[in-house]
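Asker: Okay, handing you the structure first.
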Amino acid sequence: MEDYTEHRKAAILLMKTGGLLSMIASHFIARDVFRRYHRGERIRLTSKIVFELSVANFWASFFSAFMSTWMVPKESGAYQAAGNTASCSAQGFLNNFLYGLVVLMNTILALTYCIIVKRGRRDEARSRRSLLLILGLPPTICFLLACKPLFDKAYNYTDFYVCGIAEHPLGCLSENSNLECTRGSNAREIKITRFTCICLANTTIVVSVCVLIAHVISTERRMTSDSTNVTENTYRSMKVTWQGICYVAAFWFSWGPWYIWQWIRITSGMLTMKDFDNKALLYIISITHPLQGVANAYVYFRPRYKKFRERDSDELRLASALRALDLKVPNFLSVDWWRALRSKNSEDDDSCDTEHL
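Have a look at this one:
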């Protein structure tokens, strides 16, 4: 058998790198929404939801993927472990609270897009009370749900890269184990309850994306059969629909492999990743799980990037990406700078030809 420890070290480094990238990407989304709000622009409801989602994802990436084993107890033997039981419990609580909020906000985002497209509503909250309900209730629910495992001492090292809902010593809940659990003896029941809530949230997301896909199919058929009745609102509705589908795709890209592992662990008698010994799944989760912030940023800034590309297709793609992120474009990346440079070189060449004559 290959050395699992070496693979786990590589997986932890991948998680830290992905977590850092996700933090940067989430920062750009939150920064963009805040700047637009500060300039007095109208912020759409979906943008407000994405803002809260990005803030939650930023801190979740920091405490979970980026900090990872640095908050794990030293006695666990994990790679780069430098924490204790208190830091492990704190990480488990924040991980459960913040990632729970990420999942719930993704669910609300998918449902919001579904309502906007299907009922033709404007992308805004009907009242301040409804906005407070949409943005304020999810953190409250996730906070209360995260408190239960904390009081049950169920936040322990998971033998993957982070502290979460697990038993201690690890493997004591396994069917073939003779170890006695000193912490998290009801971790399996808590995991099942949590996974059930996640399945309900994902069911809502699946139904919403099915409605969005059905809308795309019906609209495209209508546009093909009768192109004369296609209006600007039709194109706008299609853009909104595809935006919602892309956000769902970004969510499943990040969370799909992780859900597969959670299902395997629950249904196989709380099997640990080391005992499961699947290198492919280990690396897939290590790459995809921390990158939702990056995937969300791609979906969020893509329409703006396409506008800059359509406005000036001769511009370098990197320059268009920097403009979409509202960053200063260096002169050497600007198409105007290159045009001015070519014009100057052309004038110099003409001048040299004239002097030669």
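Under our numbering, the first residue of the sequence shown is numbered 5, with each subsequent residue one higher. Using N, Cα and C, we set each Cβ at its ideal position, and we do this for glycine too. None of the values given here were measured: they were computed from a predicted structure.
1. Using the Cα positions of residue 187 and residue 153, report the straight-line distance between them to the nearest angstrom.
2. Taking DSSP as the reference, what is the three-state secondary structure of residue 396?
3. With DSSP collapsed to three states, give me the class of residue 169.
4. Between residue 362 and residue 60, how many whole angstroms is the CB-CB distance? I'm expecting something under 8 Å.
5. Between residue 177 and residue 195, what straight-line distance do the alpha-carbon atoms span, to the nearest angstrom?
6. Is there contact between the segment 319–337 and the segment 44–53, where contact requires at least three CB pairs shorter than 8 Å?
7. Can we say the segment 266–280 touches the segment 146–164, given the rule of at least three CB pairs closer than 8 Å?
8. For residue 253, is the classification buried or exposed, using 16 other Cβ atoms within 10 angstroms of its Cβ as the cut-off for buried?
9. Residue 99 bridges to which residues according to DSSP?
10. Mind checking which residues open and close the beta strand (DSSP E) that includes residue 161?
11. DSSP beta-bridge partners for residue 187?
12. Suppose contacts are defined by Cβ-Cβ distances below 8 Å. Is residue 33 in contact with residue 300 by that definition?
13. Which same chain residues, not among the five before or five after residue 191, have their C-beta less than 6 Å away from its C-beta?
14. Which parts of the segment 23–78 are runs of the alpha helix (DSSP H), unbroken and 4 residues or longer, counting only runs that do not cross its ends?
15. Kindly list the residues whose CB is nearer than 6 Å to the CB of residue 219, restricted to its own chain and excluding five residues on each side of it in sequence; keep chain order.
16. Please classify residue 124: does DSSP put it in a helix, a strand, or coil?
17. What does the Cβ neighbour count give for residue 49, buried or exposed, with the cut at 16 atoms within 10 Å?
18. Which first and last residues belong to the alpha helix (DSSP H) in which residue 332 is found?
19. Can you give me the start and stop residues for the alpha helix (DSSP H) that residue 279 sits inside?
20. In the DSSP output, what is residue 87 paired with across the bridge?
21. Smallest Cα separation from residue 31: which of 65, 72, 18?
22. Determine the DSSP secondary structure at residue 178, reduced to helix, strand or coil.
23. Who are the Cβ neighbours of residue 129 in its own chain at under 7 Å, not counting the five residues just before and after it?
24. Taking just the CA atoms, how far does residue 344 sit from residue 292?
25. Quick check on DSSP: helix, strand or coil for residue 286?
26. Classify residue 311 as buried or exposed, calling it buried when 16 or more other Cβ atoms lie within 10 Å of its own Cβ.
27. Quick one: measure Cβ to Cβ for residue 145 and residue 108, integer angstroms, because I've assumed they're closer than 8 Å.
28. Could you check how far apart the C-beta atoms of residue 241 and residue 223 are, in whole angstroms? I think they sit under 8 Å.
29. Cutting at 7 Å between CB atoms, please list the residues of its own chain near residue 329, excluding the five before and the five after it.
30. Under three-state DSSP, which class holds residue 257?
31. So, are the CB atoms of residue 83 and residue 16 less than 8 Å apart?
32. With the cut-off set at 8 Å, would you say residue 102 and residue 74 are in Cβ contact?
33. To the nearest angstrom, how far is it from the Cα of residue 263 to the Cα of residue 307?
34. Could you check the C-alpha separation between residue 298 and residue 184 for me, to the nearest Å?
35. Determine whether the beta carbon atoms of residue 99 and residue 68 lie at a separation below 8 Å.
36. Does the distance from the C-beta atom of residue 19 to that of residue 290 stay below 8 Å?
Answerer: According to the data block:
1. 11 Å
2. Lying before the first or after the last residue shown, residue 396 is absent from the chain, which here runs from 5 to 361.
3. strand
4. Given that the chain is displayed from residue 5 to residue 361, the structure contains no residue 362 and the question cannot be resolved.
5. 12 Å
6. no
7. yes
8. exposed
9. Partner(s): none; residue 99 has no beta bridge.
10. 159–161
11. 172
12. yes
13. 158, 169, 170, 171
14. 49–64
15. 121, 245
16. coil
17. buried
18. Run containing residue 332: none; DSSP gives neither H nor E here.
19. 277–280
20. 77
21. 65
22. coil
23. 49, 135, 138
24. 43 Å
25. helix
26. exposed
27. 7 Å
28. 7 Å
29. 32, 305
30. helix
31. yes
32. no
33. 30 Å
34. 41 Å
35. yes
36. yes
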